[in-house]
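In what follows, a single structure is set out as structure tokens and then discussed.
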Amino acid sequence: MVIFIGQTEHNNKFYLAVCDSTGHGVPGAFMSLLNIGFLSEAIKEKNISLPNEIFNYVRKRLTESIGSDGQKDGMDAILICIEALTDNTKKITYAAANNEPILIKNNSIIKLAKDKMPVGQGELIADFTLHTIDYKTGDTLYLYTDGYADQFGGPKGKKFKYKALNDLLESIHHLLMQEQHHQLNQTIANWMGDLEQVDDICIVGIRL
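Each position in the sequence shown, counted from 1, maps to that position plus 106 in our numbering.
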């Protein structure tokens with residue numbers, strides 16, 4: 107799958123999307139271009155403000171563009187919206203398709219809710235859910251795709267897995283972001299050893 111990160115500001119709201127499009131190579135790149143274009147169209151041209159409604163719109167446009175006859179084209183994605191409020195606080199809403207955001211609060215890890223369906227054709231087609239993140243200053247939010255957890259390595263050549271990734275994030279979340287980046291890179295490099303990287307890897311960390 108092909109990963110892309112998109113960000114934009116519109117009507118005093120900041121949007122950040124971490125997405126993993128179906129396909130590899132040229133087909134994957136084409137799907138990513140479609141997804142990026144439809145996300146931008148929803149926000150900037152259609153003035154859709156809520157992340158879940160943006161995902162609903164993108165799925166509709168994908169279906170119109172590539173059809174719905176059994177194809178599994180689309181993306182797993184997280185889209186967050188950060189809105190500055192008048193009392194110097196921020197409201198953060200999000201929608202999540204298959205991938206779940208991770209919040210570290212009071213030194214504990216919280217797996218935030220997700221919809222178990224892609225933005226595109228899947229076994230389940232329903233409206234996406236709008237979620238609000240309850241946070242305080244100093245909390246850390248992570249958005250990631252499946253590449254890190256699915257990487258093979260270690261003494262038995264097995265997947266790294268999500269629990270190990272979340273445990274790692276919990277253990278390093280107090281570090282500066284640059285130091286966290288180094289620790290994540292070093293850990294996965296040691297895990298892989300001489301094995302090849304099997305998928306694109308993306309982890310975005312946000313200090314709230």
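Ideal placement from N, C-alpha and C gives every residue a C-beta, glycine not left out.
For residue i, the three-state DSSP class (helix, strand or coil)
| i | result |
| --- | --- |
| SER146 | helix |
| MET223 | coil |
| ILE154 | coil |
| LEU281 | coil |
| HIS294 | Inspection of the sequence shows that residue 294 is occupied by Ile rather than by His. It is helical. |
| LEU230 | coil |
Cβ-Cβ separation, residue j to residue i (assumed contact under 8 Å), whole Å
| i | j | result |
| --- | --- | --- |
| ILE184 | LEU274 | About 19 Å; that fails the 8 Å criterion. |
| SER155 | LYS119 | 7 Å |
| LYS211 | TYR163 | Not confirmed; about 31 Å, so no contact. |
| VAL304 | PHE258 | 6 Å |
| LEU218 | ILE239 | 7 Å |
| ILE278 | GLN286 | 5 Å |
CA-to-CA distance, residue j to residue i, given in whole angstroms
| i | j | result |
| --- | --- | --- |
| ASP182 | SER127 | 7 Å |
| PHE161 | ALA201 | 8 Å |
| GLY112 | ALA123 | 5 Å |
| GLN292 | MET298 | 10 Å |
| GLY253 | ILE307 | 4 Å |
| VAL225 | HIS280 | 33 Å |
| PHE144 | LYS220 | 21 Å |
| ARG167 | GLY260 | 42 Å |
| ALA190 | LYS264 | 43 Å |
| ILE309 | ASN205 | 12 Å |
| THR169 | GLY228 | 11 Å |
| SER214 | GLN289 | 19 Å |
One or two residues paired with residue i in a DSSP bridge
| i | result |
| --- | --- |
| HIS237 | TYR200 |
| ALA190 | LYS196 |
| GLU115 | PHE120 |
| VAL310 | LEU249 |
| LYS267 | Paired residue(s): none; LYS267 is not in a bridge. |
| LEU301 | According to DSSP, which records beta bridges pairwise, LEU301 is partnered with nothing at all. |
| ILE215 | ILE210 |
| PHE258 | LYS265 |
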